[in-house]
Every structure is written in structure tokens, then in C-alpha cells.
Amino acid sequence: MTPAESTEALAARGLSLLAQQQDADALPVFEELTQAQPRHIAHWVNLGTILRRLQRYDEALLAYAQAGALGERSANFYFNVGLLHQDRGDYDTARRVLADAMRAAPLDAEIRCQYAQCCYESLRIEEATAALADWAQWPDLNSEQLATIALLLLNLGESASSDQAAARAAADPAPPPATLLRLAQIQERSNRLKAAKTSLERLQALPDAASALGPDLQLLEAQIALREARHEEALHLFTDLAAVCTEAHRRHLYLFPLAKTLDALKRHDEAYACLQSAHEAQMLHLARSNPDAAGIKEPPLLITRHGCDPDDVAAWGLPIDQAGKAANHPSAAGSPVFIVAFPRSGTTLLEQMLDAHPQLVTMDEQPFLQQAIDRIMDLGIDYPGGMAKLTAEQLADVRDHYWSLTRRKVQLEPGQRLIDKNPLNLLRLPAIRRLFPQARILLAIRHPCDVILSCFMQHFRAPEFAVLCKDLPTLARGYRRSFDFWYQQAELLQPMVREVPYEDFVADFEACSRDITAFLELPWNQAQSQPGEHARARGFISTPSYAQVIEPVNRRAVGRWKPYARHFDEALEIVQSCIDRWDY
């Protein structure tokens, strides 16, 4: 056999091993091939793919770089490099590389899905939504791809489109395990627990499901056990998942729900230690996925450093009474109802109570007010200190931009008002008051220590907020800065605001709900008395409390911080002024 024939036979053997995913055996074959034929691009690409699947990511990156240096530019090459960056946890780099793959193969469903996933992980929600906008026209979609698209669309808040994709996936008469898993995840996330459990049982009956799905199947089992209060079972499942996870930066995926399980079992010291480990793992993840955020010792909350100028506010021409009779100002009925707070203060319960009213419509949490602020700054206006310079035409333009964004999510019928619930619009009061001076604002309040503990226990995706929540004192300082800013600005701007203490709200739900509805100048509607049923009927709830809000109103979360009180010495001192202000 000639050297060329020998190399050809070796390549054939390597490709066979690669196709069978016998990566450990294929690795030395392609290492030899890259030495024998160092300018053969495919050998380097295949070597990179093998190394990626073996989780030898740095070596895989070098192999792919060699293929790129030799001129490889195919869509499949960019796709594999993008997957490598995904595996490394660098979603932003993966997104950019997959964009190259998408340009090379714009109708490739797998590339589009992975690109959209990376946009979602990078919090580029509009880009992710745009990437999936025409999914129904993509050719030859299989049920696994359809189910993946459906789950992504659901996470992006595109419920109607998600339902269509999920229905097409469910029509597969012999779906593979991955399809069933995604459909079960959609059902759990949409609060259809009975359907999710049925799908899970169907999965568990498949002999190859556990090997095909790996930890994803066990994670679903654990999540459903936690939802059904089978805490001991959930404990074992989450514990096993965290123990076998070999990548430290991924363990936070299992440690946060494990801590919730320990808390439910009243094993508070173990829960607190688990949360500390969860945040440490999430910081390792951020070091890969968002090193700029991970490098911040403490988020500065820059927006709280710049308040309104009293002289500038005096020139705004605000209505001098609540009738809103000054020219060019929308009335209360023509303005959104804003729900603001520090996260985890009961805003979702408040939102669902109001959304049950036929004259109020919510759109879940959206960044549209911040985008309106961006529009103001694009006009060359200093925000918030120079907004008196906004002309009537510019104000109308910014409002129109805001409303155009909201119409992407909800269509208001005549007589209906929008609920804009985004807790950290707490920090955007100047924009609310300038654009919608007659808007009613509901400020949700909860005992600061309960809020801080709840945030500490929550697995937040937004990088800077995840850093803010890494420990109790850091959280407490962020909480204090947020409310110091709110009350400073509120004293100057005099918004039409109603404070809603969570403890009062759940103690006498109907009386408080009637009072809030009257504040909005609306008649009470009996549907508002059952927010859990309303939330269950809606299905998808975008906030982390989607599982709690479908339950009947209860007081279980009141005083939740007390078993953890010994960890609150420093945090308690920081927020004492807030505790005193609200007489807790």
C-alpha cells in the first residue's frame, strides 16, 4: 500500500469513527492525519469537532483556528465553531460566529435555532425574536427542531407562535426523546403540570431516553418533583445532578433549585451554604459568558447617580392638578399603569390581579421604558437633567415610539389601559413623569429582608443583577441605593403613586385590591379576586415567580428571612432606614 493509499484508508477509518461518535478512538487518527496532511482543511475541522465533544475546548479552538487560517469558510465550519463557543459558555462570541454561519446558509434551521439561543442567552431578546420570526417558512423542519423553536419562542414571550410550533412538534407520531423533553419543558413552564407529568412518564417509559437526554431528563424530573412538593425526591435528584456535574461553572443550574428544596425542607443552614456555592458557580459562568460583568466588584447602579434638576423640572410644564388639563399631556386613562419595585416584592401577584380586570392588559416585563429613554438621549437630550429641552413634537415622538414597541406585545381594545410591570422602572421615575405625567404608579413594598433573601435565592440571568445578588450585603446596598433614589426623585417630581405593602396585600387581599382598583379610577371586577386562577389560565408567565403566582393568595412568604436572620447582621444595618420608613 502506497503512503497515499495508507493515508486514504486512515481517513476513511477516522470518518467512520467520527460518524459513530467514538471520539476517543477517532482522536489519535485525526491527530496523525493532521501531521501527515497539515494543509488538509477537513482534517483540522474534524479534529476540532472531536476535541470539542471531548470537552477539550482550548485545543479544539486551536484546531478550528488552523482550519480557518487555511481558508475554511463554510457554514458548517462556522456552525461548529459557534457550538464550541457555546460549550465554553461564551454566548456572545458564539452569537457572532453563528451570524456568519447564518449568512452562509440562511435557511438552515439548526443554525438559526442555535443563533437565536445565543441571542437569548446574551439577553439580545429582539435579535433572538427576529431570528425566529419566519420559522414557519423554514423547509423540512423535524419535530425536535420544532419543539426547540417552540421552547425558545415561549422563553421570548411569543406564546402564540410557540403554541403553533409546539402543536406541529406534537403531531409527530413517533417523536424522538428530545422532542418529548422539550414539549414537557414547555408544559411545565406554562403551568400545565398535569400534561408535563404525562409527558415525563412517557419519556421515562422509553428505554433509550436516559442515555439520549443525560442530565436534562433528570432535571425535568427534579423540577416537577419540586413543583409537586415531593421535596425529598427533588432533593436527591438535584443533589445527584450537582454532584456529577464536572464543569464547576455549570453547577449553578442545579444548586439554585437545590437550595429552594432545602429551604422547603426547613434545612436552612444547608440551604444558605448551597446558595453561596450557587453564586460562586454563577460567577464562574459569568467569567466565561460576560467577563466585563464578572469583573465588577459591585454594580454601581449608575442610573441612581443622576437625578433631575429642580430648575429643569420647573420648566417641564407639568399639570398643576390631577385633572391633567395642561396641553399635550396624556390623561391617566391614556397612560400606562406602571408597577415598580425592587424585584421579588410581589409585583407579579399585583400584576395578575389587575390583568384580570377587563379594562387592563399586561404585557409581562419589557424594557420599553428604557428604550424610550434611549430615544430621548438619541435626540441629544441630557437625561434626566435636561428634559425641559424636549419639544412637544419630540415628546410625542418618544411616546409614539414607546407605544409602537408595546403594540408588538399587546393590542389594546378601545377603553383598555396598559399595565407596564417592570420592577426596576423604580429607577426610571423621571422618564415616567416626563412622558406620562398623569400616569398612576403602583409601588410594591415588602419587608426589605424578605426581598433581599428572595433575590439571593433567585437564579437571575441578567449579568449585572446576578452580580448584585451574589451576597446579602451587596444586595442590601443596591436595595438601599434604589429606594434612596426613588424617594429623592419622588419628593421633587410628586408622582401619582400608591404604595402597596405586600404583607397587607396578602393579609386582606380583596380589600387592598378594591382600594388599588379605585386608585386607578376603575370599578372593581369580581375576576380580580382569583389571581391564581387567572394566571393559570394565561399559561406562560415570564417572571421567576411563575410557579408561585398560580397558587391561592397566602402569607407563606411573609417573614421568610427570619430563619436566616443570623446571616443578616450587615445587611440589616444597611436597610434599617427602609425598615424604619415603612414601620416594619
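When you read off a place in the sequence shown, starting at 1, and then add 360, the result is the number in the working numbering. Note that CB positions come from ideal geometry on N, CA and C, so glycine has one too.
Margin query: Can you give me the C-alpha to C-alpha distance between SER503 and ARG528, rounded to a whole angstrom?
Written below: Answer to the nearest angstrom: the Cα atoms are 7 Å apart.
Next item on the list: Find the nearest neighbour of ILE482 within the set LEU622, THR722, PRO398 and ASP652, judged by alpha-carbon distance.
Entry: Rather than Ile, the amino acid found at residue 482 in this sequence is Ser. Closest by C-alpha distance to SER482, out of LEU622, THR722, PRO398 and ASP652, is ASP652.
Notebook entry, point to check: Just the Cα atoms here: how many angstroms apart are THR599 and HIS628?
Noted result: Roughly 16 Å between the two C-alpha positions.
Next item on the list: Spatial neighbours of GLN682 within its chain, please: CB distance less than 6 Å, with the 5 preceding and 5 following residues excluded, ordered by chain position.
Entry: Legend: pLDDT at GLN682 = 47, less than 50; position of this residue unreliable, no value from coordinates given.
Notebook entry, point to check: Hey, quick one: how far does the beta strand (DSSP E) through ILE805 stretch, first residue to last?
Noted result: Per DSSP, ILE805 belongs to the beta strand (DSSP E) from 800–805.
Notebook entry, point to check: Excluding sequence positions up to five away, which residues of its chain have a Cβ less than 6 Å from the Cβ of PHE948?
Noted result: With the chain represented from 361 up to 944, any question about residue 948 goes unanswered, as that position is not in the structure.
Notebook entry, point to check: How long is the line joining the alpha carbons of GLN564 and PRO575, rounded to whole angstroms?
Noted result: Near 13 Å, if we compare the C-alpha coordinates of PRO575 and GLN564.
Checklist line | Chain-order list of residues whose beta-carbon lies under 7 Å from that of CYS479 (same chain, five-residue window excluded) | finding: Contacts found: ARG455, GLU487, ALA488 and ALA491.
Checklist line | Buried/exposed call for PRO744, threshold 16 Cβ in 10 Å | finding: The residue in question, PRO744, is buried, as its Cβ has 16 or more Cβ neighbours within 10 Å.
Check: Going by DSSP, what residues sit across from LYS781 in a beta bridge?
Finding: Paired residue(s): ILE699.
Next item on the list: Would you mind working out which of LEU813, ARG915 and LEU852 sits nearest ALA836, comparing C-alpha positions?
Entry: If we check each option's Cα against that of ALA836, LEU813 comes out closest.
Checklist line | Endpoints, the beta strand (DSSP E) within which PRO861 is located | finding: Taken as a continuous stretch (DSSP letters only), the beta strand (DSSP E) holding PRO861 covers 856–861.
Margin query: Please list the terminal residues of the continuous beta strand (DSSP E) segment that includes LEU720.
Written below: Segment 720–722, the beta strand (DSSP E) holding LEU720.
Check: How many Å lie between VAL604 and SER873 at the Cα?
Finding: Distance between the alpha carbons of VAL604 and SER873: 47 Å.
Item checked: Under 7 Å between C-beta atoms of ALA887 and ALA638 -> Not in contact: ALA887 and ALA638 (Cβ atoms no closer than 7 Å).
Checklist line | Beta-carbon proximity of LEU443 to ALA420, cut-off 7 Å | finding: Taking 7 Å as the Cβ cut-off, LEU443 and ALA420 do not qualify as a contacting pair.
Notebook entry, point to check: Looking at the structure shown, is GLY428 part of a helix, part of a strand, or coil, going by DSSP?
Noted result: Helix.
Notebook entry, point to check: Are ILE410 and ALA379 closer than 7 Å when you measure CB to CB?
Noted result: No, Cβ-Cβ distance for ILE410 and ALA379 is not below 7 Å.
Margin query: Suppose contacts are defined by Cβ-Cβ distances below 7 Å. Is VAL328 in contact with ARG549 by that definition?
Written below: Nothing about residue 328 can be reported from this structure: the residues present for the chain run from 361 to 944 only.
Check: Can ASN785 and VAL700 be called in contact, C-beta distance under 7 Å?
Finding: Going by C-beta atoms, ASN785 is nearer than 7 Å to VAL700.
Next item on the list: Determine the closest residue to ILE509 out of ASP742, ALA534, ILE546 and PRO533, with distance taken between C-alpha atoms.
Entry: It is ILE546.
Check: My guess is that LEU635 and PHE816 are in contact by the Cβ rule of under 8 Å, so how many angstroms apart are they, rounded?
Finding: Indeed, because the Cβ distance is near 6 Å, the residues count as touching under 8 Å.
Check: Curious, which full-length alpha helix (DSSP H) runs of at least 4 residues does the segment 591–654 contain?
Finding: Correct list: 591–604, 612–624, 628–649 and 651–654.
Item checked: 4-residue-minimum alpha helix (DSSP H) runs that sit fully inside the segment 453–519, ordered along the chain -> As far as the segment 453–519 is concerned, its whole alpha helix (DSSP H) runs of at least 4 residues are 469–481, 485–492 and 503–515.
Next item on the list: Starting from the Cα of ALA850, find the closest Cα among SER434, ARG788 and LEU597 and give me that residue.
Entry: Each of SER434, ARG788 and LEU597 was checked against the Cα of ALA850, and the nearest Cα belongs to ARG788.
Margin query: With a threshold of 7 Å between beta-carbons, can ALA520 be considered close to chain D, or not?
Written below: No chain D appears in the structure shown, which is made up of a single protein chain.
Next item on the list: Over the uninterrupted alpha helix (DSSP H) stretch that includes MET737, give me the two end residues.
Entry: For MET737, the enclosing alpha helix (DSSP H) stretches over residues 728–738.
Next item on the list: Give the range of the alpha helix (DSSP H) segment to which ASP672 is assigned.
Entry: According to the DSSP assignment, ASP672 belongs to the alpha helix (DSSP H) that extends over 670–674.
Next item on the list: Alpha carbon to alpha carbon, how far is ALA369 from ALA427? Give it in angstroms, no decimals.
Entry: Spanning the two alpha carbons is a distance of roughly 22 Å.
Check: DSSP on ASP532, reduced to helix/strand/coil?
Finding: Coil, per DSSP.
Margin query: Here's the rule: buried if 16 or more other CB atoms are within 10 angstroms of the residue's CB, otherwise exposed. What is GLU753?
Written below: It is exposed - the Cβ of GLU753 has fewer than 16 other Cβ atoms within 10 Å.
Notebook entry, point to check: Using the beta-carbon count (16 or more within 10 Å), is GLU335 buried or exposed?
Noted result: Outside the shown range of the chain (361 to 944) lies residue 335, about which nothing can therefore be said.
Margin query: Check this for me: beta carbons of PRO833 and ALA931, under 7 Å apart or not?
Written below: Their beta carbons are under 7 Å apart, which means PRO833 touches ALA931 by this criterion.
Checklist line | Separation of TYR417 from TYR438, as counted between CA atoms | finding: Straight-line spacing of the CA atoms in TYR438 and TYR417 works out to 15 Å.
Next item on the list: Please classify GLU711: does DSSP put it in a helix, a strand, or coil?
Entry: Looking at GLU711 - three-state DSSP - the assignment turns out to be helix.
Checklist line | For ALA693, the three-state DSSP class (helix, strand or coil) | finding: For ALA693, the secondary structure class from DSSP, reduced to helix, strand or coil, is coil.
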